[in-house]
Each structure stands twice: as structure tokens, then as C-alpha cells.
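Presented below is the structure to which this report refers.
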Amino acid sequence: MIQLDDDGTTVTLDLHGLTVDEALAVTRRTLDLAEARGRVTLKVIHGHSTSGTPGQRTIKTALYNALEQGFLQRYQSNHHRQQGALILSLGVAQTNTAERIRSTEVWPP
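Just so you know, the working numbering puts 951 at position 88 of the sequence shown, and the rest follows in order with no gaps.
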């Protein structure tokens, strides 16, 4: 199960425990909802992505690859890579709804 917190401005999404494909799907769904509800920031906690297997795809590398390939361009105006997290600025919100995003809306993907 994912952990998700929405304070009405910033959505924090913790992807620990998910597979890479699950994490990407949940991130996309959360971005869709955050954009639709007028949130300003999405903080995606991916962890440090230490893997015992060289070349193994991790959530961190998959998110950064998606960012570099433009899959997140539609959503974000700026990004900041933090240790263990990716912070996406979602641009100017046209509408901000009071309805909070719940984990059951994005999980299962």
C-alpha cells in the first residue's frame, strides 16, 4: 500500500514497497489528480535506490528517465532532485479544489 498526503497545496507520495511499473503508474495517476485539483507541488519519495544487482532498474532511475524523456513535461514547470525524493512544481493552478487526493484513488494502479 502506498502512503499519500495531500494538504491542499502539496501532495506527498511515498513509493516504497512498489515495483517500478507500479510506481510509474501510481505517479502518473497522482499527477493527473494533482493537476486536476490545482495542486502546486508533488513530492515523490522514491528512496535512495540502492540495488544489489548491477543494472537493475529502480524506481529512482525509472522516474528520472521518464523526466528526461519528457513523460512528465505535461505536468511540471520545474523539478528538483532531492536525496531520496523528486519534487515537481506543477505550475500555476487554475483551480484549487478542497477535495483531497486519497490513496484509494491512485492504488491499485
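The C-beta atom is built at its ideal place from N, Cα and C for all residues, glycine as well. A quick note: this is a predicted structure, and the numbers were derived from the prediction, not measured.
(request) With DSSP collapsed to three states, give me the class of V969. (result) coil
(message) Taking the alpha carbon of G871 as the reference point, which residue from W970, R965, A888, P971 has its own alpha carbon closest?
(response) R965
(message) Between T873 and T904, how many whole angstroms is the CB-CB distance? I'm expecting something under 8 Å.
(response) 4 Å
(request) Please report the Cβ distance between L896 and V969, rounded to the nearest whole angstrom; I am assuming they are in contact, meaning their Cβ atoms lie under 8 Å. (result) 7 Å
(message) Nearest by alpha-carbon distance to R963: which of A929, G947, G901 is it?
(response) G901
(message) In this structure, how does DSSP classify I964 when only helix, strand and coil are distinguished?
(response) coil
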